[in-house]
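First comes the structure, then the notes that go with it.
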Amino acid sequence: MLVLENLNAHYGKSHVLHGVSVEVRAGEVVGLLGRNGVGKTTTLKAIMGLVRRTGGRITFEGRDLTGVPTHGLAALGIAWVPEERRIFRLLTVLENLRTGLDRPGLDERKRQELLEKVYRHFPVLRERRNQAGGTLSGGEQQMLAIARAMMLEPKIILLDEPTEGLMPRMVSQIREIVHALHRDGVAILLVEQNVPLTLEAAERLYIMEKGVVRHHASAAALRADQRVIHEYLGV
Ligand SMILES: Nc1ncnc2c1ncn2[C@@H]1O[C@H](COP(=O)(O)OP(=O)(O)OP(=O)(O)O)[C@@H](O)[C@H]1O
Ligand SMILES: [Mg+2]
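Residue numbers (the working numbering): 5 to 239.
Written out as structure tokens, the structure is:
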């Protein structure tokens, strides 16, 4: 569904991605692992058209994404939850969620249905719906960021280190939501540093090093033989 072929990207003169090839099939959870600074976030930003792509190709459902503006990607079914979450701190939880509902072709009944669905997944967001986003804990803000992405009814969600800095209880909730999205048939490209969670949640994994994919394997193969994980991630 989403295919990155030999992707190159630059920040100014600095060449950061040196030919990244990654594929996510419909409904699949794919992990993207790698140490700090190897280019995981840049890969997601390249998909979103937020860094300068200097080579290679990105297609989504067979369509070349070159020239599709960032704001046009949601309509195609691509949602991005960035590392720094970027919720609206001064808007309430409900207002944050409604930003994802503000699109044509969605009547009020459908909007309510979508809201109810995320409230079922994240009861804490219902409790706090009238509270400013900025007053939520880090874990709750992460849930809000994911919930807002879900409002777009995406075919794929690009999740950038959703469990970073979260307490174990919150990590479990994020794990649950990844499973729930998977059950709903939503594909996920999961960037993580949490190796056990990614090995458990993803079906296939890519391991990056210095702007390239060094290894690609099924999660089952990596669970059975973790030498590659030790080699590239040092854990
Ligand atoms: N805006 C920028 N301008 C210049 N260089 C950047 C910029 N953002 C990232 N880089 C550089 O690009 C490389 C890849 O960064 P990237 O953020 O993609 O890494 P990452 O794998 O997501 O790391 P982390 O695990 O720390 O989030 C790093 O060397 C980083 O310093
Ligand atoms: Mg990153």
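We put the CB at the ideal spot given by N, CA and C, even for glycine.
Distance CB(residue i)-CB(residue j) smaller than 8 Å
i, j, result
"E213", "G38", "yes"
"L193", "L36", "yes"
"Y123", "R130", "yes"
"H125", "I181", "yes"
"A224", "L209", "no"
"R56", "H19", "no"
"V199", "L237", "yes"
Close Cβ partners of residue i (< 7 Å) along its chain, the five nearest in sequence each way excluded
i, result
"L105", "R115, L118 and M155"
"G41", "none"
"K44", "L36, G38, V195 and M212"
"T46", "A13, V20, L21 and V55"
"R89", "Q145, Q146 and A149"
"T139", "none"
"R93", "A136, G137 and G138"
Proximal residues to residue i (C-beta, below 6 Å), its chain only, five neighbours per side dropped
i, result
"E32", "A191 and E207"
"H219", "I211 and V232"
"I91", "N100, G137, Q145, L148 and A149"
"G189", "G31"
Whole-Å CB distance - residue i paired with residue j, under 8 Å assumed
i, j, result
"L201", "R227", "So it is not a contact: roughly 12 Å between Cβ atoms."
"L101", "R29", "That belief does not hold up - the Cβ atoms of L101 and R29 are roughly 29 Å apart, past 8 Å."
"T74", "L54", "6 Å"
"H234", "A205", "Not confirmed; about 20 Å, so no contact."
Neighbourhood of residue i by C-beta distance below 8 Å, restricted to the same chain and skipping five residues each side
i, result
"D68", "R61 and I62"
"Q135", "T96 and V97"
"V72", "G53 and L80"
Contact with chain B by residue i, beta-carbon distance below 8 Å
i, result
"G138", "Looking for chain B here will not work: only one protein chain is present."
(message) With three or more C-beta pairs closer than 8 Å as the rule, is the stretch 149 to 163 touching the stretch 73 to 93?
(response) yes
(request) Could you say if the stretch 97 to 112 and the stretch 137 to 149 meet the contact criterion of at least three C-beta pairs nearer than 8 Å? (result) yes
(request) Report the residue ranges of all alpha helix (DSSP H) runs contained in full by the stretch 155 to 201; include only those spanning at least 4 residues, in chain order. (result) 172 to 187
(request) May I ask you to verify whether the stretch 210 to 225 touches the stretch 23 to 32, counting CB pairs closer than 8 Å and requiring at least 3? (result) yes
(message) Does the structure place the stretch 165 to 179 close enough to the stretch 137 to 145 that three or more beta carbon pairs sit under 8 Å?
(response) yes
(request) Could you say if the stretch 60 to 67 and the stretch 8 to 19 meet the contact criterion of at least three C-beta pairs nearer than 8 Å? (result) yes
(request) Output the residue ranges of the beta strand (DSSP E) runs that lie fully inside the stretch 37 to 90 and measure 3 residues or longer, sorted by chain position. (result) 56 to 64 and 82 to 85
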